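>
In this note's numbering, the protein residues as written are 19 to 450.
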């Protein structure tokens, strides 16, 4: 299996190069040159399979040409050490809870997979790898905890000052060891731009081995498809069509769901649900794709004005925009609508975080207009990670899980950084 660049399909590399480089030289994202379709017998049996057994089969189909059976099992076992339960919120509406990992967010799956795979691929290298990460919240905490203490790897996290929740910040700014946090004067898109510029700077790349653990890296992106398979396997077999609603910022999570569908998982439709950063829903409704400055919202992990994974969405449909628009609907919601959803769903006994609330709204609105579906929305983070928003909405205190509360006791250590690539470049050169 080779991996091609979304900017140039003739540029193909090995799994190792795609993972270690992260981004193609032409700034394209890597994609598998062929998407394997799993045999029908797998789908007939997988309702009785464990999460890990499903993972072995899916990852083997994608990576067996580069990894041994034992490496695949080791990789999946390291990644899937926590559950992703499917919880019925109301009739035909299910929450896929992706917050049972170490940092209580869905990105724990991809971060654990990425750190383990990277360490496997780096065993023959003596050069230290610098992992550059731009975060609007959960990516930073998941990657920092996934790579903490990994030999030969140093993680540099860029995050926008004042635009990440206190708990999210504490999860990556208090760790120390091989984790460095840069507090940038700007928004997430500025952090993301600086990281991309670093990958494309020839001087930097001569001095340092740079890679990414954002969802632009296939090792972060691809494993996210696993929980779509698992969720589908646990849905009632009632003959109804299936729709997944995905709260979306950089759109890697949605692209992973579409990858699962392309491998044969019979998902009938997707909803790309987001906040006021609505460039993709507007595109899906007929507008041209036009990146815009991001807007700050209560669902801050989706505050992205120029989603990095948009090229992957197109590549999954062979760059046919009409096919994409047939399979994926867009929806966006204001902060007030998000807060009202948290309040309304709490009344029926389920607590949403702001991102899950957006996914919930996208799902119920779609199902209202399209009868005959059962639906799943992705609850991407524990509500305690956004306790200021949730507690204000509900008028009551949340009880934080012990491992989440423990992060608050740590001392925040950051390096201030202007929104300036040359300053960032100088910082990296000093690491060489």
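Note that CB positions come from ideal geometry on N, CA and C, so glycine has one too.
Every value quoted in this text rests on a predicted model; they were computed, and no experiment measured them.
Can you name the residues that DSSP bridges to residue 287?
261
> Distance check for residue 415 and residue 333, CA to CA, integer angstroms please.
44 Å
> Identify the residues that DSSP records as bridge partners of residue 148: which are they?
172 and 228
> Can you tell me whether DSSP reads residue 313 as helix, strand or coil?
Coil at residue 313, not helix or strand.
> In the DSSP assignment, what residue or residues form a beta bridge with residue 320?
Residue 320 is not bridged to any residue.
> Measuring alpha carbon to alpha carbon, tell me which of 230, 35 and 25 ends up nearest residue 19.
35
> Does the structure place the region 248-261 close enough to the region 284-293 that three or more beta carbon pairs sit under 8 Å?
yes
> Relative to the alpha-carbon of residue 435, which residue among 358, 46, 446 and 426 has its alpha-carbon at the smallest distance?
Ranking the options by Cα distance to residue 435, first place goes to 446.
> Leaving out five residues on either side along the sequence, give the residues of the same chain with a beta carbon under 6 Å from the beta carbon of residue 168.
133 and 137
> Put residue 104 into one of helix, strand or coil per three-state DSSP.
Residue state, collapsed to three classes: strand.
> Taking the straight line between their C-alpha atoms, what separation do you get for residue 413 and residue 159?
27 Å
> Would the region 358-368 count as touching the region 100-114 if we require 3 or more Cβ pairs under 8 Å?
yes
> What is the DSSP secondary structure of residue 357, reduced to helix, strand or coil?
helix
> With a CB to CB cut of under 8 Å and the five nearest residues on each side skipped, what residues in its chain are close to residue 222?
216, 228, 443, 446 and 447
> Return the bridge partner residues of residue 30 from the DSSP annotation.
22
> What span of residues does the alpha helix (DSSP H) with residue 402 cover, start to end?
For residue 402, there is no enclosing alpha helix (DSSP H), as DSSP gives it neither H nor E.
> Quick check on residue 12: does DSSP put it in helix, strand or coil?
The question about residue 12 has no answer here: the residues shown for the chain are numbered 19 through 450.
> Beta carbon of residue 433, beta carbon of residue 154: below 8 Å?
no
> Please list, in chain order, all residues of the same chain as residue 79 whose beta carbon is under 8 Å from its beta carbon, the five residues on each side excluded.
Once the five neighbours on either side are set aside, the close Cβ partners of residue 79 are 54, 56 and 281.
> Nearest-angstrom Cα distance between residue 66 and residue 218?
46 Å
> Look at the alpha carbon of residue 398 and the alpha carbon of residue 156, and state the distance between them as a whole number of angstroms.
9 Å
> For residue 251, is the classification buried or exposed, using 16 other Cβ atoms within 10 angstroms of its Cβ as the cut-off for buried?
buried
> Please state if the CB of residue 41 and the CB of residue 234 are separated by a distance shorter than 8 Å.
yes
> For the 8 Å Cβ check, are there 3 or more pairs between the region 418-432 and the region 305-319?
no
> Can you confirm whether the region 200-213 touches the region 85-99 when touching is taken to mean that 3 or more C-beta pairs between the two stretches lie within less than 8 Å?
no
> Just the C-alpha distance for residue 438 and residue 212, rounded to the nearest angstrom, thanks.
8 Å
> Quick one: grab the DSSP three-state call for residue 45.
coil
> Cβ of residue 314 within 8 Å of Cβ of residue 181?
yes
> Return the CA-CA distance between residue 387 and residue 352, expressed in angstroms with no decimal places.
20 Å
> Quick check: what's the CA-CA separation for residue 74 versus residue 165?
Going from the Cα of residue 74 to the Cα of residue 165 covers about 22 Å.
> Just checking, does the region 302-312 make contact with the region 185-192 on the three C-beta pairs under 8 Å criterion?
no
> Helix, strand or coil, according to DSSP, for residue 368 in the structure here?
coil
> So residue 429 is in the alpha helix (DSSP H); what residue range does that whole segment cover?
Element bounds for residue 429: n/a, residue is neither H nor E.
> Could you tell me the distance, in whole angstroms, from the CA atom of residue 311 to the CA atom of residue 204?
11 Å
> Does DSSP classify residue 84 as helix, strand or coil?
coil
> Who are the near neighbours of residue 411 in its chain, counting only those whose CB is closer than 6 Å to its CB and skipping five residues on each side?
357, 360 and 361
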